[in-house]
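*Asks:*
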Amino acid sequence: MSVSKLGRKASDQPAAEGGTRRAIRRVNHGKTKQLVRARNLDALTQAAARFRDDRDWKQFHNPKDMALSMCLEASEVLELMQWKNGAELIAHLHARREDLADELSDVLYWVLTIAHDFDIELSDAFRRKLAKSAKKYPIDKSRGRASKYTEL
Ligand SMILES: [Mg+2]
């Protein structure tokens, strides 16, 4: 049985997470891997902008309506979960995994295009925000707790 660098058996990994190769990629924080991820996100941003430009849709895209569209797509993620809870919800989402992937991708499309239009480099922005969150939620105070940072 293969064991990933995460120290988990391949068979222990959730199906949604993919195989050992992806798990290894997740834990590899070397500079080369960071550059690869940054290029991938940039490539997705360019693909989203190209999709829009090919259809001449930028003329309809003001920040407010783009943010509204992002929220509507997030609501479609929620819609997949409506009236289901617990084990039934998890089973339902696994059964509708492709629909979930579509809706998450729709949300990402708007995240990418809003970032594009405001020259936000999302790889760096995400890491900066994660660092801010890490300060708000120190591991020793927040580990295993669902409290807001003001209540830690
Ligand atoms: Mg959608």
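Numbering-wise (the numbering used here), the sequence shown opens with residue 67 and increments by one. For every residue, glycine included, the Cβ atom is placed at its ideal position computed from N, Cα and C.
Can you tell me whether E142 sits near ligand 1, meaning its C-beta is under 7 Å from at least one heavy atom of the ligand?
*Replies:* Indexing the sequence shown from 1 puts residue 142 at position 76. Under cutoff, so the answer is yes.
*Asks:* How do the stretch 203–210 and the stretch 140–147 stand: do at least 3 beta-carbon pairs fall below 8 Å, yes or no?
*Replies:* no
*Asks:* Tell me the DSSP secondary structure of L218 in three-state form.
*Replies:* Counted from its first residue, the sequence shown places residue 218 at position 152. Note: L218 maps to coil in three-state DSSP.
*Asks:* Where does T216 land, buried or exposed, given buried means 16+ other C-beta within 10 angstroms?
*Replies:* For the purposes of this step, residue 216 is taken as residue 150 along the sequence shown, with counting starting at 1. When all chains shown are included, T216 counts as exposed.
*Asks:* Is the beta carbon of A140 closer than 8 Å to that of K180?
*Replies:* Position 114 of the sequence shown, counting from 1, holds the residue named residue 180. Position 74 of the sequence shown, counting from 1, holds the residue named residue 140. Sequence inspection shows Ile at residue 180; the Lys mentioned does not correspond to that position. Contact flag unset, no.
*Asks:* By DSSP, does K150 sit in helix, in strand, or in coil?
*Replies:* For this step, residue 150 is matched to residue 84 along the sequence shown. DSSP places K150 in coil when its eight states are reduced to three.
*Asks:* Using only the heavy atoms of ligand 1, determine whether one of them is closer than 7 Å to the beta carbon of E145.
*Replies:* Working through the sequence shown from its first residue, we reach residue 145 at position 79. Of the heavy atoms belonging to ligand 1, none sits nearer than 7 Å to the Cβ of E145.
*Asks:* The alpha helix (DSSP H) spanning P129 covers which residue range?
*Replies:* Stepping through the sequence shown from its first residue, residue 129 is reached at position 63. Residues 129–145.
*Asks:* What is the rounded straight-line gap between the Cα of A115 and the Cα of H182?
*Replies:* By 1-based counting over the sequence shown, the position of residue 115 is 49. By 1-based counting over the sequence shown, the position of residue 182 is 116. Looking at the two C-alpha atoms, the distance is approximately 8 Å.
*Asks:* Decide if L188 is buried, meaning its Cβ has at least 16 other Cβ atoms within 10 Å, or exposed.
*Replies:* Here residue 188 is taken as the residue at index 122 of the sequence shown, counted from 1. By the 10 Å Cβ count, L188 comes out buried.
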